[in-house]
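**Student:** Encoded as structure tokens, here's the structure I'll be asking about.
2 protein chains.
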Amino acid sequence: MTQDDTPDLPASGRTLAEVAYGALKADILSGALLPGAALLTRELMARYGCGVSPLREALARLVAEGLLEASSHRGVRVPLPTLADLDDIYRIRIALEREAVTLAMAAGDDRWEAGIVASLHRLERAPLPEKSGGSLRDWEARHRAFHASLIAAAPAPRLLRLIDQMVDQSERYRALRLEYFAPEKVGRFVAEHRELTEAVIDRRADAADMLAGHLEGSRAFVAGILERARQDDPRAVAL
Amino acid sequence: MTQDDTPDLPASGRTLAEVAYGALKADILSGALLPGAALLTRELMARYGCGVSPLREALARLVAEGLLEASSHRGVRVPLPTLADLDDIYRIRIALEREAVTLAMAAGDDRWEAGIVASLHRLERAPLPEKSGGSLRDWEARHRAFHASLIAAAPAPRLLRLIDQMVDQSERYRALRLEYFAPEKVGRFVAEHRELTEAVIDRRADAADMLAGHLEGSRAFVAGILERARQDDPRAVAL
DNA sequence: TCAAAAACGATTTTGGAAAATCTGCCGGGA
DNA sequence: TCCCGGCAGATTTTCCAAAATCGTTTTTGA
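First to last, the protein sequences are chains A and B. Note that the first sequence ends on residue 239 in the working numbering; no numbers are left out. Note that the second sequence ends on residue 1239 in the working numbering; no numbers are left out.
Below you can see the structure in the form of structure tokens.
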């Protein structure tokens, strides 16, 4: 989620447009709104309980972020997942996180380090995600929080905002994990987080490379799932 | 300009929101809308000749891109130029263009190379920018086209779109050049473009580093101008 | 004289209805 | 049988007026 939305809070002080934006985004990321399906304005109005204007603003924001595609006079739709798009997203994310973690290591103090250690602990103590689990959602949240803490100290708000957007994008693909999940492959992947923490806190020169490698592994993991999904149902996933 | 706007075309087939978006963006980048000034809805409505809804959508898009700042219930304003923000923008831009030019060199064919050579020619043949010149605007456009051509072959639409946004952002700072311009320093800077072209077309391994260095030089140039502007009028520029 | 509360003015935000636009379908002609 | 033009349905897009919200000023009380 981009910093300024708190999906749980009902709706006080925040405009309806912001509420609709948050709810809509959550539905896109969780996969509740199926990719490729056209979004009808009046359906959405009923779903999120607001008029035309707030909905329109929310859609505009999501289009600008790239979470929705818009054609002039033809409404908006959730973009189809694509292998090329996944590569595109992760390429950007890796380049930016490299930069961010380097900055954070230069500027971070012990409060920052403490934040990393804390979120690592919460990640390791999380119940391991299972195939059809509500726990998977929880694990994903902690995973995300850990990665955010790694770069939190970077004095570069725009950079962090962009990374947050890229994480949102990749989360859309992660929803596929719910279908095809292989617990046996997770072990090594999880262990990397501890190594990452040590490298970053010790300000080791290869920390940025390690992070890049970790993210690349994540990309390959999702790519593999996408490939399998394509074989099962070629029309569900483009390319 | 982000690929999808053609400011000269009147308004056929395109929605009013898109027109307003393009015009508003052009005014922000050119500096017609002064930084720090609050944008009044009804003023903008009169200026761009449209109702509330299209304007609202245009503003939402610009806020999402970071070209405008919005406070809930307090309208929008053009953000003040800041040294830290300039660094932030260029840091992102450099990281992304590094990636993009590497991709372009791997995927580009001779058509791509021809495009670079052509835009280099147009850049070199452009009348040199002068202090208060309309020619400066023309030169900037060709400069921008050259840099776009360098990475045009990268098969990564999201990456290119993001870079385009960052170029928009930095253009806002470039408007300062109109005030403080030093023609004598341009020589070396311009010469780099030819070296860059050769390095990229020859697929030299250090091409990405050269591009990064070139952009860093551009950042330092603008930063110097900003610093001077701050000394002249501390309140005009924050920090 | 100072501080707190209330009222005012201005601005944003929202909902509903009208206008413009696009897509799909049907019928006529080649 | 196939292609082209026009018609109807549906959808997006736009405008206008009302409602909610915020910042400021004025008033009241101590």
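Each residue gets a CB set at the ideal place from its N, CA and C atoms; glycine is no exception.
Can you pull out the residues from the segment 1074 to 1090 of chain B whose beta carbon lies closer than 9 Å to at least one beta carbon of chain A?
**Tutor:** Going along the segment 1074 to 1090 of chain B in chain order, one finds Ala1084, Asp1085, Asp1087, Asp1088, Ile1089 with a Cβ nearer than 9 Å to chain A.
**Student:** Sort His214(A), Asp110(A), Ser170(A) by Cα distance to Leu86(A) and report the nearest one.
**Tutor:** In the first sequence, the residue the question calls residue 86(A) occupies position 86. When each option's Cα is compared against that of Leu86(A), the closest is Ser170(A).
**Student:** With burial defined as no fewer than 16 other Cβ atoms inside 10 Å of the residue's Cβ, what is the status of Asp1209(B): buried or exposed?
**Tutor:** On the second sequence, residue 1209(B) is found 209 positions in, with the first residue counted as 1. Looking at its Cβ environment, which holds fewer than 16 other Cβ atoms inside 10 Å, Asp1209(B) is exposed.
**Student:** For Arg1077(B), list the residues DSSP reports as bridge partners.
**Tutor:** Walking along the second sequence from the start, residue 1077(B) turns up at place 77. According to DSSP, which records beta bridges pairwise, Arg1077(B) is partnered with Ala1038(B), Glu1069(B).
**Student:** Take the Cβ of Leu128(A) as the centre, count every other Cβ of all protein chains shown within 10 Å, and call the residue buried at 16 or more, exposed below.
**Tutor:** Numbered from 1 along the first sequence, position 128 holds the residue referred to as residue 128(A). Exposed, because fewer than 16 other Cβ atoms sit within 10 Å of the Cβ of Leu128(A).
**Student:** Going by DSSP in three states, Gly251(A) sits in which element: helix, strand or coil?
**Tutor:** Given a span of 1 to 239 for chain A in the structure shown, any question on residue 251(A) remains unanswerable.
**Student:** Comparing the C-beta of Ala1060(B) with each C-beta of chain A, is any distance below 7 Å?
**Tutor:** Here residue 1060(B) is taken as the residue at index 60 of the second sequence, counted from 1. It does: the Cβ of Ala1060(B) has a partner Cβ on chain A nearer than 7 Å.
**Student:** What are the boundary residues of the alpha helix (DSSP H) that Arg230(A) is part of?
**Tutor:** In the first sequence, counting from the first residue as 1, residue 230(A) sits at position 230. Taken as a continuous stretch (DSSP letters only), the alpha helix (DSSP H) holding Arg230(A) covers 207 to 232.
**Student:** Under three-state DSSP, which class holds Thr2(A)?
**Tutor:** Along the first sequence, read from residue 1 onward, the residue named residue 2(A) stands at position 2. In this prediction, Thr2(A) has a pLDDT of 37, which is less than 50 and means its spatial position is unreliable; what the coordinates show is noted afterwards. Thr2(A) falls in the coil class under three-state DSSP.
**Student:** State the start and end residues of the unbroken alpha helix (DSSP H) segment that holds Thr102(A).
**Tutor:** If you number the first sequence from 1, residue 102(A) lands on position 102. Residues 83 to 107.
**Student:** For Gly66(A), go through chain B and note every residue whose CB falls closer than 8 Å to its CB, in chain order.
**Tutor:** Stepping through the first sequence from its first residue, residue 66(A) is reached at position 66. Arg1158, Arg1161, listed in chain order.
**Student:** Can you tell me whether Leu1226(B) is buried or exposed, with buried defined as 16 or more other CB within 10 angstroms of its CB?
**Tutor:** Mapped onto the second sequence, residue 1226(B) falls at position 226. Under this definition Leu1226(B) is a buried residue.
**Student:** What is the DSSP secondary structure of Asp202(A), reduced to helix, strand or coil?
**Tutor:** Locating residue 202(A) in the first sequence gives position 202, where the first residue counts as 1. If DSSP states are grouped into helix, strand and coil, Asp202(A) belongs with coil.
**Student:** Could you confirm whether any beta carbon from chain B is found closer than 7 Å to the beta carbon of Ala223(A)?
**Tutor:** Residue numbering aside, residue 223(A) sits at position 223 when the first sequence is read from its first letter. No, no contact with chain B.
**Student:** So, is the C-beta of Thr1197(B) closer than 7 Å to a C-beta in chain A?
**Tutor:** Along the second sequence, one-based indexing puts residue 1197(B) at 197. Not an interface residue.
**Student:** Compare the C-alpha of Ala156(A) against each of Leu196(A), Leu103(A), Ser218(A), Arg188(A) and name the closest.
**Tutor:** Looking up residue 156(A) in the first sequence gives position 156. Out of Leu196(A), Leu103(A), Ser218(A), Arg188(A), Leu103(A) has the C-alpha closest to the C-alpha of Ala156(A).
**Student:** Can you check which of these residues, Leu196(A), Phe189(A), Ser135(A), is closest to Ala148(A) by C-alpha distance?
**Tutor:** By one-based count along the first sequence, residue 148(A) stands at place 148. Nearest of Leu196(A), Phe189(A), Ser135(A) to Ala148(A), Cα basis: Leu196(A).
**Student:** Three-state secondary structure (DSSP) at Thr15(A)?
**Tutor:** Your numbering for residue 15(A) matches position 15 in the first sequence. Three-state result, Thr15(A): coil.
**Student:** Using only alpha-carbon positions, find the residue among Gly31(A), Ser53(A), Pro35(A), Ser30(A) that is nearest to Thr41(A).
**Tutor:** As a first step, residue 41(A) must be located in the first sequence, where it is residue number 41. Thr41(A) has its Cα closest to that of Ser53(A), out of Gly31(A), Ser53(A), Pro35(A), Ser30(A).
**Student:** Should Leu162(A) be labelled buried (16 or more other beta-carbon atoms within 10 Å of its own) or exposed?
**Tutor:** The residue you call residue 162(A) lines up with position 162 of the first sequence. Buried, since its Cβ has 16 or more Cβ neighbours within 10 Å.
**Student:** Give the secondary structure of Pro127(A) by DSSP, where H, G and I count as helix, E and B as strand, and everything else as coil.
**Tutor:** On the first sequence, position 127 is the one that residue 127(A) refers to. Three-state result, Pro127(A): coil.
**Student:** Give me the Cα-Cα distance between Arg47(A) and His143(A), rounded to the nearest whole angstrom.
**Tutor:** For the purposes of this step, residue 47(A) is taken as the residue at position 47 of the first sequence. For the purposes of this step, residue 143(A) is taken as the residue at position 143 of the first sequence. Each residue's alpha carbon lies about 30 Å from the other.
**Student:** Hey, how far is the Cα of Met1001(B) from the Cα of Ser1030(B)?
**Tutor:** Here the question's residue 1001(B) lines up with position 1 in the second sequence. Here the question's residue 1030(B) lines up with position 30 in the second sequence. Residue placement at Met1001(B) is flagged as unreliable, the pLDDT there being 38, under the threshold of 50; the coordinate-derived value follows with that caveat. If you take the alpha carbons of Met1001(B) and Ser1030(B), they lie about 11 Å apart.
**Student:** Comparing the C-beta of Thr1015(B) with each C-beta of chain A, is any distance below 7 Å?
**Tutor:** Locating residue 1015(B) in the second sequence gives position 15, counting from the first residue. Cβ-Cβ to chain A under 7 Å: yes for Thr1015(B).
**Student:** By how many angstroms is the C-alpha of Val19(A) removed from the C-alpha of Asp8(A)?
**Tutor:** Here residue 8(A) is taken as the residue at index 8 of the first sequence, counted from 1. Here residue 19(A) is taken as the residue at index 19 of the first sequence, counted from 1. Interpretation of Asp8(A) is limited by its pLDDT of 33, a score under 50 that renders its predicted location unreliable; no figure is taken from the coordinates.
**Student:** With 16 as the cutoff for other CB atoms within 10 Å, does Ala1023(B) come out buried or exposed?
**Tutor:** Mapped onto the second sequence, residue 1023(B) falls at position 23. By the neighbour-count rule (16 or more Cβ atoms within 10 Å), Ala1023(B) is buried.
**Student:** Please work out which residues of its chain come closer than 6 Å, Cβ to Cβ, to Glu192(A), disregarding the five sequence neighbours upstream and downstream, and give them in chain order.
**Tutor:** Position 192 of the first sequence holds residue 192(A). So the list reads His214, once near-sequence residues are dropped.
**Student:** What are the boundary residues of the alpha helix (DSSP H) that Pro157(A) is part of?
**Tutor:** Position 157 of the first sequence, counted from the start, is the residue given in the question as residue 157(A). Its alpha helix (DSSP H) spans residues 157 to 174.
**Student:** From Glu1124(B) to Ala141(A), what does the alpha carbon distance come to, in whole angstroms?
**Tutor:** On the second sequence, residue 1124(B) is found 124 positions in, with the first residue counted as 1. On the first sequence, residue 141(A) is found 141 positions in, with the first residue counted as 1. About 52 Å.
**Student:** Spell out a yes or no on whether the segment 1031 to 1039 of chain B and the segment 1067 to 1077 of chain B are touching, meaning 3 or more CB-CB pairs, one atom from each, closer than 8 Å.
**Tutor:** Short answer: they touch.
**Student:** For Leu1239(B), count neighbouring Cβ atoms within 10 angstroms of its own Cβ and tell me buried if that reaches 16, exposed if not.
**Tutor:** On the second sequence, position 239 is the one that residue 1239(B) refers to. Bear in mind that the predicted position of Leu1239(B) carries a pLDDT of just 45, short of 50, making it too unreliable to give a figure here.
**Student:** If we ignore side chains and look at the alpha-carbon of each, how far apart do Asp1206(B) and Met45(A) end up?
**Tutor:** Position 206 of the second sequence, counted from the first residue, corresponds to residue 1206(B). Position 45 of the first sequence, counted from the first residue, corresponds to residue 45(A). Rounded to whole angstroms, Asp1206(B) to Met45(A) spans 53 Å at the Cα level.
**Student:** At least one CB of chain B closer than 7 Å to the CB of Glu69(A): is that the case?
**Tutor:** Residue mapping note: residue 69(A) aligns to position 69 of the first sequence, counting from 1. Not closer than 7 Å to any Cβ of chain B, the Cβ of Glu69(A) fails to qualify, so no.
**Student:** Quick check: the Cα distance between Arg1093(B) and Glu99(A), rounded to an integer number of angstroms?
**Tutor:** Within the second sequence, residue 1093(B) is the residue found at index 93, counting from 1. Within the first sequence, residue 99(A) is the residue found at index 99, counting from 1. Distance between the alpha carbons of Arg1093(B) and Glu99(A) is about 11 Å.
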